[in-house]
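These protein sequences, in sequence, are chains A and X.
Under my numbering, the first sequence has 22 at position 22, and the numbering climbs by one with no breaks.
Residues are numbered in my numbering as their position in the second sequence, beginning at 1, plus a constant of 182.
Heads up: the structure comes next, in structure tokens.
Protein chains: 2
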Amino acid sequence: MRADARRNRDRIVEAARAVVAERGVDAPMELIARRAEVGVGTVYRRFPDRHALIAAMADQYIHEIADALTKAEESGEGAMAALRSFVLWCGDQGRGALAAALADLPQELFEEMREFVTVRANMVERLEALVATAQERGEMRADVGADDLMTLLNIFACHPTPRGGHYLRIMLDGIDNGSRHR
Amino acid sequence: MRADARRNRDRIVEAARAVVAERGVDAPMELIARRAEVGVGTVYRRFPDRHALIAAMADQYIHEIADALTKAEESGEGAMAALRSFVLWCGDQGRGALAAALADLPQELFEEMREFVTVRANMVERLEALVATAQERGEMRADVGADDLMTLLNIFACHPTPRGGHYLRIMLDGIDNGSRHR
DNA sequence: ACTAACCGGAAGATTGCCGTCCACTTAGGA
DNA sequence: TCCTAAGTGGACGGCAATCTTCCGGTTAGT
Numbered sequence: 001m002r003a004d005a006r007r008n009r010d011r012i013v014e015a016a017r018a019v020v021a022e023r024g025v026d027a028p029m030e031l032i033a034r035r036a037e038v039g040v041g042t043v044y045r046r047f048p049d050r051h052a053l054i055a056a057m058a059d060q061y062i063h064e065i066a067d068a069l070t071k072a073e074e075s076g077e078g079a080m081a082a083l084r085s086f087v088l089w090c091g092d093q094g095r096g097a098l099a100a101a102l103a104d105l106p107q108e109l110f111e112e113m114r115e116f117v118t119v120r121a122n123m124v125e126r127l128e129a130l131v132a133t134a135q136e137r138g139e140m141r142a143d144v145g146a147d148d149l150m151t152l153l154n155i156f157a158c159h160p161t162p163r164g165g166h167y168l169r170i171m172l173d174g175i176d177n178g179s180r181h182r
Numbered sequence: 183m184r185a186d187a188r189r190n191r192d193r194i195v196e197a198a199r200a201v202v203a204e205r206g207v208d209a210p211m212e213l214i215a216r217r218a219e220v221g222v223g224t225v226y227r228r229f230p231d232r233h234a235l236i237a238a239m240a241d242q243y244i245h246e247i248a249d250a251l252t253k254a255e256e257s258g259e260g261a262m263a264a265l266r267s268f269v270l271w272c273g274d275q276g277r278g279a280l281a282a283a284l285a286d287l288p289q290e291l292f293e294e295m296r297e298f299v300t301v302r303a304n305m306v307e308r309l310e311a312l313v314a315t316a317q318e319r320g321e322m323r324a325d326v327g328a329d330d331l332m333t334l335l336n337i338f339a340c341h342p343t344p345r346g347g348h349y350l351r352i353m354l355d356g357i358d359n360g361s362r363h364r
């Protein structure tokens, strides 16, 4: 792949994220192309159909999150603290419609998105480990699982609000046995 | 209005709620008509445009919620308990896409929806009163307002999940100074 | 300097929804 | 029972937006 082509590919994915964020998964290809300062033809050459493009975005997206989880794990704080900072990090991202788009992607589409599915599964496992540790130590209420965290993060990701971070902090206060506001 | 016409009007609103819930505000009129077992012509006669139909749904929607708030207020429990049961009631409703649809309705459309806007404003006032009382008594953390509650309820309404009620309970545990899980 | 790879975007095809219109049916009063 | 104003369904012409291809022109990189 020629260097200029590579550059364009990246710009397209980036543009797609921006456009999808404000117009949804069904945003016209031309909008994406324009945002990337590229012709529609170029988009179609690189991504044979809309789905290929979505998959590319999804991969990028999930990797960013997985990286954040890694950082939280490696921060050397305890399990609960790691969870807390991971959750708050997610809250700061304001991913908006991209999260929503991925959330209600037709089941069948996921089947071709190997990368995404794998990374995601791995993340859930690691989250589960953190949760288990935190709960063993009694730092976290027992009726919340890693999947609940994922769900909650996704819900808030879909609804960026000015006070989103604040709401997550409240949730954490409800979850974290060690934290007492006030 | 003839009795059969009245009946149809009601069926249409009901059908619209169901269809909007699963297809969004832009759902084709024909789907709504079919769901109501009625011709498109009938829908158009009763509701000159899509907006009129949305307004009708919105009115019904907001009234249901306002009624629930009234019940909570009248239950004779304290302010915090009333808030708690109102919030949980909302969580049980699973309004889904209808809430989402109303949430990002273009600003200008609201201007014609007198009924909706009025009832909603009244609800906010009553919520504010409850919050103020609860906070004065120290039963509720001070950095959460009635508008935050509305936002949160809306967010959860937009994302019905099996454990939605559970999540709200966690939120409440984060908000309610008197509640200590475990 | 040469060429394989790449690019833009015009244009034709397709899709899906809108909203009207009118021939037919029915509720409900006289 | 009869009569008619009110109500009904859904086919249809029109429109607008998006898809996707295709090709003449450009450029990176050897």
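Glycine included, every Cβ here is placed at the ideal spot set by N, Cα and C.
**Prompt:** Using the C-alpha atoms, what's the distance from residue 139 of chain A back to residue 364 of chain X?
**Reply:** Below a pLDDT of 50, predicted positions are generally treated as unreliable, and residue 364 of chain X, at 39, falls in that range; no measurement from the model is reported.
**Message:** What would DSSP say about residue 363 of chain X, mapped onto helix, strand or coil?
**Reply:** The predicted model places residue 363 of chain X with a pLDDT of 49, which falls under 50 and marks its position as unreliable; any figure quoted below should be read in that light. Per DSSP, reduced to three states, the secondary structure at residue 363 of chain X is coil, with no helix or strand assignment.
**Asked** How far does the alpha helix (DSSP H) with residue 301 of chain X in it reach, from first residue to last?
**Response** 296 to 318
**Message:** Taking its Cβ as the centre, do 16 or more other Cβ atoms sit within 10 Å of residue 190 of chain X, making it buried, or is it exposed?
**Reply:** Only buried fits residue 190 of chain X, as 16 or more other CB atoms lie within 10 angstroms of its CB.
**Prompt:** What residue range is occupied by the uninterrupted alpha helix (DSSP H) comprising residue 63 of chain A?
**Reply:** 50 to 74
**Asked** Can you find a C-beta in chain X that's less than 9 Å from the C-beta of residue 171 of chain A?
**Response** Cβ-Cβ to chain X under 9 Å: yes for residue 171 of chain A.
**Asked** Which whole-angstrom value describes the C-beta separation of residue 20 of chain A and residue 97 of chain A, a residue pair presumed to lie in contact below a C-beta threshold of 8 Å?
**Response** So it is a contact: roughly 6 Å between Cβ atoms.
**Asked** residue 36 of chain A and residue 11 of chain A look like a contact to me (Cβ under 8 Å); what is the Cβ gap, rounded to whole Å?
**Response** 4 Å
**Request:** Write down the C-beta distance between residue 66 of chain A and residue 73 of chain A rounded to the nearest angstrom, noting that I regard them as a contact closer than 8 Å.
**Result:** Incorrect: roughly 11 Å between the Cβ atoms, too far for contact.
**Request:** With DSSP as the reference, please indicate the residues paired to residue 140 of chain A in a beta bridge.
**Result:** A:176
**Asked** alpha helix (DSSP H) containing residue 9 of chain A: first to last residue?
**Response** 3 to 23
**Asked** Within this structure, are the beta carbons of residue 305 of chain X and residue 244 of chain X separated by less than 9 Å?
**Response** yes
**Asked** Mind checking if residue 367 of chain X is an interface residue toward chain A, Cβ cutoff 9 Å exclusive?
**Response** No answer is possible for residue 367 of chain X: it lies beyond the span of chain X, which begins at 183 and ends at 364.
**Request:** Just the chain A side, please: which residues come within less than 7 Å of residue 208 of chain X by C-beta, in chain order?
**Result:** Within chain A, no residue has its beta carbon less than 7 Å from that of residue 208 of chain X; the closest one is some 10 Å off.
**Request:** Note the first and the last residue of the continuous alpha helix (DSSP H) segment covering residue 229 of chain X.
**Result:** That residue, residue 229 of chain X, is in no alpha helix (DSSP H); it is neither H nor E in DSSP.
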